[in-house]
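>
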Amino acid sequence: MDTRTLIASYYEAFNAGQTDRMLDLLHDEVEHHVNEGGIRRGKALFAEFNRHMTESYREDLTDMVIFANEAGDRAAAEFVVNGTYLKTDEGLPEAKGQTYRLPAGTFFSIRDGRIARVTTYYNLADWTRQVCE
Numbered sequence: 001m002d003t004r005t006l007i008a009s010y011y012e013a014f015n016a017g018q019t020d021r022m023l024d025l026l027h028d029e030v031e032h033h034v035n036e037g038g039i040r041r042g043k044a045l046f047a048e049f050n051r052h053m054t055e056s057y058r059e060d061l062t063d064m065v066i067f068a069n070e071a072g073d074r075a076a077a078e079f080v081v082n083g084t085y086l087k088t089d090e091g092l093p094e095a096k097g098q099t100y101r102l103p104a105g106t107f108f109s110i111r112d113g114r115i116a117r118v119t120t121y122y123n124l125a126d127w128t129r130q131v132c133e
């Protein structure tokens, strides 16, 4: 599978709520660089993150554009997150079913035909403003 197809498959699984399928596309030693946070290493921590996110948020990604370098070992995606805040996340405003629309982007490293790094960026202040209105 080429890199653009790999990334497209990852996001298709995300939008379908198929987190196990997302995990299948990850390298065993995946590094998840969290927006304004630390680094989670390994599939187990990534799966734990996905469980938490599924409980707290319902999101659908649209306007997806995927980029990949010629070597196929680096990629990026730009998209819009259309979400609903379902359950209060620790340290964040109270969840009351608020909706939000937020531009975001992710950078990837690819190793052995799998995603080895996921680094997602979005504007947390913009998200906070939207859910507090």
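Number 14 in the UniProt record's numbering belongs to position 14 of the sequence shown; there are no gaps in the numbering. Heads up, the beta-carbon is just placed ideally off N, CA and C, and yes, glycines get one too. No experiment lies behind these values; they were computed from the predicted model shown.
Measuring alpha carbon to alpha carbon, tell me which residue in Val131, Ala75 and Glu70 is nearest glycine 97.
It is Val131.
> On the criterion of 16 or more Cβ atoms from any shown chain inside 10 Å, does leucine 110 qualify as buried, or is it exposed?
Correcting the residue identity first, residue 110 is isoleucine in this sequence and not leucine. By the neighbour-count rule (16 or more Cβ atoms within 10 Å), isoleucine 110 is buried.
> Is it buried or exposed, isoleucine 39, if we count other Cβ atoms within 10 angstroms and call 16 or more buried?
Flag for isoleucine 39 reads exposed.
> Got a sec? Which residues, its chain only, sit under 6 Å from histidine 33 by beta carbon, not counting five neighbours each side?
Excluding sequence neighbours, histidine 33 sits near Ile39 and Thr119.
> From the DSSP output, in three-state form, read off alanine 77 for me.
Three-state result, alanine 77: strand.
> Which ranges does the beta strand (DSSP E) cover as unbroken runs of at least 3 residues, wholly within the UniProt domain "SnoaL-like" (9 to 118), from first to last along the chain?
You should have 26 to 33, 39 to 41, 57 to 68, 74 to 85 and 99 to 111.
> Taking only the alpha-carbon atoms, compute the straight-line gap between arginine 58 and glycine 83 and give it to the nearest angstrom.
Arginine 58 and glycine 83: Cα-Cα distance of roughly 5 Å.
> Using a Cβ-Cβ cut-off of 8 Å (strictly less than) and excluding sequence neighbours within five positions of glutamate 90, which residues of its own chain qualify?
Closer than 8 Å at Cβ, skipping near neighbours: no residue.
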